[in-house]
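K.L.:
Residue numbers (our numbering): 14 to 224.
#1: Which value, in whole angstroms, describes the spacing of the CA atoms of residue 177 and residue 102?
#2: Can you give me the Cβ contacts of residue 105 inside the same chain, cut-off strictly under 8 Å, excluding the 5 residues immediately before and after it?
#3: Nearest-angstrom Cα distance between residue 110 and residue 124?
#4: By how many angstroms is the C-alpha of residue 82 removed from the C-alpha of residue 49?
#5: What do you get for residue 224, buried or exposed, if any count of 16 or more other CB atoms within 10 angstroms of its CB means buried?
#6: Verify whether the separation of the beta carbon atoms of residue 56 and residue 30 is less than 8 Å.
#7: Grab me the residues of residue 38's own chain with a C-beta within less than 6 Å of its C-beta, minus the 5 sequence neighbours each way, in chain order.
#8: What number of angstroms, rounded off, separates the C-alpha of residue 164 from the C-alpha of residue 211?
#9: Would you kindly work out how many angstroms separate the C-alpha atoms of residue 108 and residue 191, rounded to a whole number?
#10: Rounding to the nearest angstrom, what Cα-Cα distance links residue 23 and residue 54 in this structure?
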């Protein structure tokens, strides 16, 4: 009998031949040491290849490998607040809007008082001096500590205020009431600039920490 080819020997090992061919090659291997050695080498190589393959259970969805890997994974932190990036501009816009409305009301009040439609700011200020400086809390705390009387304080402040010219009174009131909204707008502008500079880095760290 002629020696089987290499393909026939491989198919013999894989049991891909017909029953007659399997038996014929098996009978040949009994008497042919050369072919038997080749078959043994092929079988050994096949065993090594199968041993080098990964365990199929490692790729199974319910395999122990995936469960062990999942147990070692750190849980993804949830964002502290999904609307956090929108909070600074919303707050700054709200503060700026309130300051602008207050400034507009102040200017409108002065314009209406010039036409006699509302009481003059100086008159309102005189009543405000009495209400603020004559407050009972000041009477029982600051004035008591200084040894003053609220009546004397109100009378002195009112006298000094009435001694001023009307134009000077308006300048003082206008400067005082405009200063607060203007300062608020300045603070808003600074905070808006700081937010625009600092937020991109914080957002990047927040995003990277959540991945």
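We treat Cβ as the ideally placed atom computed from N, Cα and C, and that holds for glycine.
P.N.:
Taking the structure as given:
#1: Taking the chain shown and counting its residues from 1, the one referred to as residue 177 is at position 164. Taking the chain shown and counting its residues from 1, the one referred to as residue 102 is at position 89. Their Cα atoms are separated by approximately 43 Å.
#2: Walking along the chain shown from the start, residue 105 turns up at place 92. Cβ neighbours of residue 105 beyond the five flanking positions: 201, 204, 205, 208.
#3: Counting from 1 along the chain shown, the entry for residue 110 is found at position 97. Counting from 1 along the chain shown, the entry for residue 124 is found at position 111. Approximately 21 Å between the Cα atoms of the pair.
#4: Reading the chain shown from its first residue, position 36 is the one you call residue 49. Reading the chain shown from its first residue, position 69 is the one you call residue 82. Rounded to whole angstroms, residue 49 to residue 82 spans 45 Å at the Cα level.
#5: Taking the chain shown and counting its residues from 1, one reaches residue 224 at position 211. Unreliable placement is indicated for residue 224, whose pLDDT of 47 sits below 50; the coordinate value is still reported in the next sentence. Classification of residue 224: exposed, given that the 10 Å Cβ count is below 16.
#6: Taking the chain shown and counting its residues from 1, one reaches residue 56 at position 43. Taking the chain shown and counting its residues from 1, one reaches residue 30 at position 17. For residue 56 and residue 30, no; Cβs fall outside 8 Å.
#7: Working through the chain shown from its first residue, we reach residue 38 at position 25. Contacts found: 17, 25.
#8: As a first step, residue 164 must be located in the chain shown, where it is residue number 151. As a first step, residue 211 must be located in the chain shown, where it is residue number 198. Near 52 Å, if we compare the C-alpha coordinates of residue 211 and residue 164.
#9: Reading the chain shown from its first residue, position 95 is the one you call residue 108. Reading the chain shown from its first residue, position 178 is the one you call residue 191. Whole-angstrom Cα-Cα distance: 15 Å.
#10: Working through the chain shown from its first residue, we reach residue 23 at position 10. Working through the chain shown from its first residue, we reach residue 54 at position 41. Their backbone Cα atoms lie some 11 Å apart in a straight line.
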